[in-house]
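A short worksheet on the structure shown next.
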Ligand SMILES: Nc1ncnc2c1ncn2[C@@H]1O[C@H](COP(=O)(O)OP(=O)(O)O)[C@@H](O)[C@H]1O
Ligand SMILES: [Mg+2]
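Below, the structure written as structure tokens:
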């Protein structure tokens, strides 16, 4: 079973948005997926309660129970576990990063956010895990801004995903229905961007196509 942890020192950068949308995209790609919600605010859990589909399996847990929950997911045939964490590089994020094959760090392409990922980069380096920055909520037409953001993010020593998510209203529109953007507006731009990100993360970064995910 593969494990992806979403982590970022800052709140509001898109951890939960990416967690639920990647979970839905992974499920659609044929990977049985669990999403563990380590954030006491339980936003991902609230999203799942609005949802009618049973999968991805979403469960609120405490950092103390993380190992047990991962073992249970593995025993129950899940191919992927995604862990959403609270903001601040605290004990929960550290525990979840420690267990991850890949730590995904969403970051808005602004100086405030790029400065803040330095702390998250330190956390990931200290755990010896692999981290990848995903530039999120980029203005739809920005190009120079993105190039600059990529250069600054790479200066932290972290890898930066080729796929970028733009600022799209689809994320807010899909949320009240407990849907991912690929379900709510399958042909929309947000859906195409999430699908490209999911493919990039799974194929290129994790080498985790459905065929080689242990079911
Ligand atoms: N790519 C995006 N386009 C538009 N809105 C976004 C995007 N990513 C996140 N948001 C919005 O930003 C807000 C914060 O996102 P959230 O995922 O809750 O961040 P975090 O979990 O890091 O605190 C939410 O209202 C969410 O809908
Ligand atoms: Mg969140």
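Numbering (this note's numbering), first residue to last: 787 to 1001. All C-beta atoms in this analysis are idealised placements derived from N, C-alpha and C, irrespective of residue type, glycine included. This one's a predicted model, so the numbers in the text were calculated from it and none came from an experiment.
Alpha carbon to alpha carbon, what distance is there between residue 954 and residue 923?
-> Going by the C-alpha atoms only, they are around 7 Å apart.
Where residue 962 sits in the DSSP three-state scheme | helix
Cα-Cα separation between residue 849 and residue 872, rounded to whole angstroms = 11 Å
Is the beta carbon of residue 801 within less than 6 Å of some heavy atom of ligand 2?
-> yes
Cut-off 8 Å between Cβ atoms - residues of its own chain near residue 979, not counting five sequence neighbours on either side = 949, 950, 951, 952, 954
Under a three-way DSSP split, which group does residue 864 fall into?
-> coil
Look at residue 808 and residue 984 and say whether their C-beta atoms are less than 7 Å apart.
-> For residue 808 and residue 984, yes; Cβs fall inside 7 Å.
Taking 8 Å as the threshold, find out whether the region 895-907 comes into contact with the region 930-943 through three or more Cβ pairs.
-> yes
Proximal residues to residue 963 (C-beta, below 8 Å), its chain only, five neighbours per side dropped | In the same chain as residue 963, and ignoring 5 residues on each side of it, the C-beta atoms closer than 8 Å to its own belong to 836, 837, 970, in chain order.
Same chain, Cβ closer than 7 Å to residue 894, five either side skipped, listed in chain order | 799, 922, 923
Do you know offhand how far residue 972's Cα is from residue 918's?
-> 26 Å
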